[in-house]
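Sequence lines, in order, name chains A and Z. If you read the first sequence in this note's numbering, its first letter stands for residue 3, the second for the next number, and so on. If you read the second sequence in this note's numbering, its first letter stands for residue 407, the second for the next number, and so on. Think of the CB as a built atom: it goes at the ideal place given N, C-alpha and C, for glycine as much as any other residue. This report refers to the structure that appears directly beneath it.
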Amino acid sequence: MEQGPEEKTIAEEQLLPGQPPVLTPGHTFGSLTDKIGDIVLRRPFTLGWSLGVAVFGTLVMVLVFAASYLFFRGVGIWGIAIPTAWGFAIVNFVWWIGIGHAGTLISAILLLLKQSWRNSINRFAEAMTLFAVACAGMFPIFHLGRPWLAYWLFPYPNTMGVWPQFRSPLVWDVFAVSTYGTISFVFWYVGLIPDLGTMRDKAKSLWTKRVFGLLAMGWRGSVRHWKRYEVAYLLLAGLATPLVLSVHTVVSFDFAVSILPGWHTTIFPPYFVAGAIYSGFAMVLVLAIPIRRFYGLKDMITMRHIDNAAKIMLATGLIVAYGYAMEAFYAFYSADRYEIAQSLNRWFGHYGAFYWTLITCNLLIPQVLWIKKVRTNTILLFLVSLDVLWGMWLERFVIVVVSLSHDFLPSSWGVYVPTRWDYAVFFGTIGFFFVSMFIFIRLMPMIPIFEVKTLLPESALKAEVAAHD
Amino acid sequence: MIEAPLYGIMAEFDNPTDLMKAARTTYDAGYRNLDAYTPYPIEELAEVIGFHQTRVPLVCLTGGILGGLSGYLLQYWINNISYPLNIGGRPFHSWPAFIIVTFEMTILFGGLAAAIGMLGLNGLPAPYHPVFNNPRFSSVTRDRFFLCIEAADPKFDPEGVRQLLSSFNTVDVTEVPE
Numbered sequence: 003m004e005q006g007p008e009e010k011t012i013a014e015e016q017l018l019p020g021q022p023p024v025l026t027p028g029h030t031f032g033s034l035t036d037k038i039g040d041i042v043l044r045r046p047f048t049l050g051w052s053l054g055v056a057v058f059g060t061l062v063m064v065l066v067f068a069a070s071y072l073f074f075r076g077v078g079i080w081g082i083a084i085p086t087a088w089g090f091a092i093v094n095f096v097w098w099i100g101i102g103h104a105g106t107l108i109s110a111i112l113l114l115l116k117q118s119w120r121n122s123i124n125r126f127a128e129a130m131t132l133f134a135v136a137c138a139g140m141f142p143i144f145h146l147g148r149p150w151l152a153y154w155l156f157p158y159p160n161t162m163g164v165w166p167q168f169r170s171p172l173v174w175d176v177f178a179v180s181t182y183g184t185i186s187f188v189f190w191y192v193g194l195i196p197d198l199g200t201m202r203d204k205a206k207s208l209w210t211k212r213v214f215g216l217l218a219m220g221w222r223g224s225v226r227h228w229k230r231y232e233v234a235y236l237l238l239a240g241l242a243t244p245l246v247l248s249v250h251t252v253v254s255f256d257f258a259v260s261i262l263p264g265w266h267t268t269i270f271p272p273y274f275v276a277g278a279i280y281s282g283f284a285m286v287l288v289l290a291i292p293i294r295r296f297y298g299l300k301d302m303i304t305m306r307h308i309d310n311a312a313k314i315m316l317a318t319g320l321i322v323a324y325g326y327a328m329e330a331f332y333a334f335y336s337a338d339r340y341e342i343a344q345s346l347n348r349w350f351g352h353y354g355a356f357y358w359t360l361i362t363c364n365l366l367i368p369q370v371l372w373i374k375k376v377r378t379n380t381i382l383l384f385l386v387s388l389d390v391l392w393g394m395w396l397e398r399f400v401i402v403v404v405s406l407s408h409d410f411l412p413s414s415w416g417v418y419v420p421t422r423w424d425y426a427v428f429f430g431t432i433g434f435f436f437v438s439m440f441i442f443i444r445l446m447p448m449i450p451i452f453e454v455k456t457l458l459p460e461s462a463l464k465a466e467v468a469a470h471d
Numbered sequence: 407m408i409e410a411p412l413y414g415i416m417a418e419f420d421n422p423t424d425l426m427k428a429a430r431t432t433y434d435a436g437y438r439n440l441d442a443y444t445p446y447p448i449e450e451l452a453e454v455i456g457f458h459q460t461r462v463p464l465v466c467l468t469g470g471i472l473g474g475l476s477g478y479l480l481q482y483w484i485n486n487i488s489y490p491l492n493i494g495g496r497p498f499h500s501w502p503a504f505i506i507v508t509f510e511m512t513i514l515f516g517g518l519a520a521a522i523g524m525l526g527l528n529g530l531p532a533p534y535h536p537v538f539n540n541p542r543f544s545s546v547t548r549d550r551f552f553l554c555i556e557a558a559d560p561k562f563d564p565e566g567v568r569q570l571l572s573s574f575n576t577v578d579v580t581e582v583p584e
């Protein structure tokens, strides 16, 4: 079955004229397998990859050093003090976990919505989720003061006879984040099994074959297996969908359940979830744009993917903008003097510049995404995505620090200034995240091979057999 | 010389349509112990070889219910029986505060049950399987489609099966040892 380049892909037929396809025509089952598999099995080490690992690996070293010193000296090396006891650690925790949300949205929600364009980007987006959750998970533990007692967060029978406080949002967070991490891993691994089989059969060297063979668990593509597999995958997507919406909701409860002015609002859960997906799609674009360029994957991660991701970013950005507007409106409509004072403090107080920078980054600049020329210009889009990531980080900073530093009584106001150790841990996790991504794309097939195969026209059954029954 | 017993006879196809036709004809001819192997899921094929229902959803539901119950009961037991703690005069059984952990445990157990249940019902991990004795079988994860009639089938007779499979539009027909 030869596919001429003039033949359309199935997905292309459903498109409006002028839109790019989700898979550039001209591929066969074999060429797809080779193209994706060879990145892992045949591609030599390149200078760019090594350089990337070197730069971000250095940041990992910084993380290891900063964390060791933190464990040795305690959280006093950070800028946190009463009243602002939640500095960078919680800002970064919320930021990283939000970034993870886009991966689950792509893999679960877009699957349930039958969006075929998700197929080529879901694998690395899920990997992004795993690494982002890993970065997020470090911060609450670093912040514990006695991180070696982190297991006290879980309910287990102990000689002290005490249990976690189940009425506290911080304990809800432990359950939400650990469930999210576990289910994201299971979803990612289940999605990988058939492709690990492909890698096992494609590998030439004995040890590569053995490693992939062990991981593939003897997958043989039996039609009975496929049926159970598809059902399980759909169930996991169905479970991951409410899960992903719940995780940032629970994170927002850490704030909303308290009574601090600026935190105690009902808009927080939906506004946090939208912000999470907003920053997550920005990270997807920051990863996808270089990957498709440097690994020659423009025929699988097409302009359609880039354009769609930009549109989702724009849409969630508008929801976030609505959140900002409601926050301000609510403060004044409530006629609560503390809420009003907090709003004025946000705008014109000590951290006022942060607020206006975040409004510029999150609200004004992303409006250029209305223009199609920007959405299809990868360099501009890359810059806008970085801008959104920066804006969302500032948003979390404004939420966490401004409210804490300025509560009800002027006698308990204070200013938080991060120290070099705050920055070291933050940049260290950025290094950890990117090093993990670099290693992942050379170790595992970053595009789901079997799912992309179903986009090929030759995967369709001819009418004579499909119409039978 | 002792010959290895036969596991089945396997036909290889280079497109899904021919496999589909062959599977339907074979099933209609009365063979029941047969399996098809494909590089990607083909939903209709399972129906054709008579595999209609899977218990994966039931396993997932059971896991979810168990997770939810254990999450809720754990919190109930801790707060009412093991270590009742009066916090601001709130009731010990303050169920709205317990919903989130209950929900998370439901998802956790349901998801793990779906994944482990799928692997368990599929008999994975499987360190050995006879189909891999066919050296051409490694292309199943690439671009080839296979149909295997197993020797365990009551109607199995090597000559007849070989003839039946050869009558299709195949690339190769091979005997697969156990």
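For this session: Can you give me the start and stop residues for the alpha helix (DSSP H) that Glu565(Z) sits inside?
Result: Counted as a single uninterrupted DSSP element, the alpha helix (DSSP H) harbouring Glu565(Z) occupies residues Pro564 to Ser572.
Exercise. So, Glu418(Z) versus Phe552(Z), is the Cβ gap smaller than 9 Å?
Worked result: The answer is yes: Cβ separation under 9 Å.
Exercise. Since Gly81(A) and Val419(A) are thought to touch, with beta carbons under 8 Å apart, how far apart are those beta carbons, to the nearest angstrom?
Worked result: 5 Å
Exercise. Going along the chain, which residues of its own chain have a beta-carbon closer than 7 Å to the beta-carbon of Phe435(A), five neighbours each way excluded?
Worked result: Answer for Phe435(A): Phe133, Ala134 and Cys137, listed in chain order.
For this session: Name the residue from Ser345(A), Val233(A) and Gly32(A) whose alpha carbon lies nearest to the alpha carbon of His266(A).
Result: Closest option to His266(A), Cα to Cα, is Ser345(A).
Exercise. Does any C-beta atom of chain Z lie closer than 9 Å to the C-beta of Ile195(A)?
Worked result: yes
Exercise. So, is the C-beta of His227(A) closer than 9 Å to a C-beta in chain Z?
Worked result: yes
Problem set entry | Cβ neighbour criterion (16 or more within 10 Å) applied to Lys561(Z) | exposed
Problem set entry | Exposed unless 16 or more other CB atoms sit within 10 angstroms - verdict on Glu15(A) | Residue placement at Glu15(A) is poorly supported in this model, since its pLDDT is 46, which falls under 50; the coordinates are not used for a value here.
Problem set entry | Cβ-Cβ separation, Ala239(A) to Leu113(A) (assumed contact under 8 Å), whole Å | About 5 Å separates the two Cβ atoms, so the contact holds.
For this session: Starting from Pro533(Z), find everything on chain A with Cβ-Cβ shorter than 7 Å and list it in chain order.
Result: Result: Gly220.
For this session: Look at Val404(A) and Arg444(A) and say whether their C-beta atoms are less than 9 Å apart.
Result: no
Problem set entry | N-terminal and C-terminal residue of the beta strand (DSSP E) that Tyr413(Z) is part of | Leu412 to Phe419
Problem set entry | Chain-ordered residues of the region 475-491 of chain Z with a beta carbon less than 9 Å from chain A | Gly477, Leu480, Gln481, Ile484, Asn485, Ser488, Tyr489 and Leu491
For this session: Can you say whether Gly76(A) is buried or exposed, counting buried as having 16 or more other CB atoms within 10 angstroms of its CB?
Result: exposed
For this session: Compare the Cα-Cα distances from Val322(A) to each of Leu299(A), Leu241(A) and Arg398(A) and report the closest residue.
Result: Arg398(A)
Exercise. In terms of alpha-carbon separation, which member of Pro166(A), Trp372(A), Ile41(A) and Ile101(A) lies closest to Val249(A)?
Worked result: Ile101(A)
For this session: Starting from the C-beta of Gly430(A), find all residues in its chain whose C-beta is less than 7 Å away, skip the five residues before and the five after it, and write them out in chain order.
Result: If we look at Gly430(A) and ignore the five residues flanking it on each side, its Cβ neighbours are Leu61, Val62, Val64, Leu65 and Ala68.
Exercise. Can you list the residues of chain A that Tyr446(Z) reaches, using a CB-CB cut of under 7 Å?
Worked result: Here the neighbours are Phe452, Lys455, Thr456 and Ser461.
Exercise. For the ligand MN, any of its heavy atoms closer than 8 Å to the Cβ of Val322(A)?
Worked result: Annotation note on the ligand MN: not contained in the displayed structure, which lists no ligands.
Exercise. Is it buried or exposed for Tyr437(Z), if we count other Cβ within 10 angstroms and need 16 for buried?
Worked result: buried
For this session: Would you mind sorting Ala1(A) into buried or exposed? The rule is 16 or more other CB atoms within 10 Å of its CB.
Result: Not covered by the structure: residue 1(A). The range shown for chain A is 3 to 471.
Exercise. Where does Leu587(Z) land, buried or exposed, given buried means 16+ other C-beta within 10 angstroms?
Worked result: Coverage of chain Z is limited to positions 407 through 584, which leaves residue 587(Z) absent and any answer about it impossible.
Exercise. Taking the C-alpha atoms as reference points, what is the distance between Glu355(A) and Ile361(A)?
Worked result: For the sequence presented, residue 355(A) should be read as Ala rather than Glu. In a straight line, the C-alpha of Ala355(A) is about 10 Å away from that of Ile361(A).
Exercise. Pro22(A) and Arg306(A): beta carbons closer than 9 Å?
Worked result: yes
Exercise. Which whole-angstrom value describes the C-beta separation of Tyr284(A) and Ser387(A), a residue pair presumed to lie in contact below a C-beta threshold of 8 Å?
Worked result: Looking at the sequence shown, residue 284(A) is not Tyr but Ala. About 4 Å; that satisfies the 8 Å criterion.
For this session: Could you tell me which chain Z residues have their CB closer than 7 Å to the CB of Thr181(A), listed as they occur along the chain?
Result: Glu510, Ile513 and Leu514
For this session: Give every residue of the same chain whose Cβ lies closer than 7 Å to the Cβ of Lys455(A), excluding the five residues on either side of it in the sequence, and list them in chain order.
Result: Once the five neighbours on either side are set aside, the close Cβ partners of Lys455(A) are Phe31, Leu34 and Ser461.
Problem set entry | Reference Trp392(A); option with closest CA among Asp309(A), Ser407(A), Thr359(A) and His408(A) | Thr359(A)
For this session: Using only alpha-carbon positions, find the residue among Gly517(Z), Trp501(Z), Asp549(Z) and Ile506(Z) that is nearest to Phe255(A).
Result: Ile506(Z)
Exercise. Residues of chain Z with a CB under 9 Å from the CB of Asp203(A): which are they?
Worked result: Phe543, Ser544, Ser545, Val546, Thr547 and Arg548
Exercise. Per the contact definition of three or more C-beta pairs closer than 8 Å, is the region 322-335 of chain A in contact with the region 292-300 of chain A?
Worked result: no
Problem set entry | Contacts around Asn94(A), its chain only, beta-carbon distance under 6 Å, and the 5 residues preceding and following it disregarded | Phe141 and Phe428
Problem set entry | Backbone secondary structure at Gln16(A) - three-state DSSP | Because Gln16(A) sits at a pLDDT of 47, beneath the cut-off of 50, its placement in the model cannot be relied upon, and the point is left open.
Exercise. Cβ of Val252(A) less than 9 Å from any chain Z Cβ?
Worked result: yes
Exercise. Does DSSP put Thr432(Z) in a helix, in a strand, or in coil?
Worked result: helix
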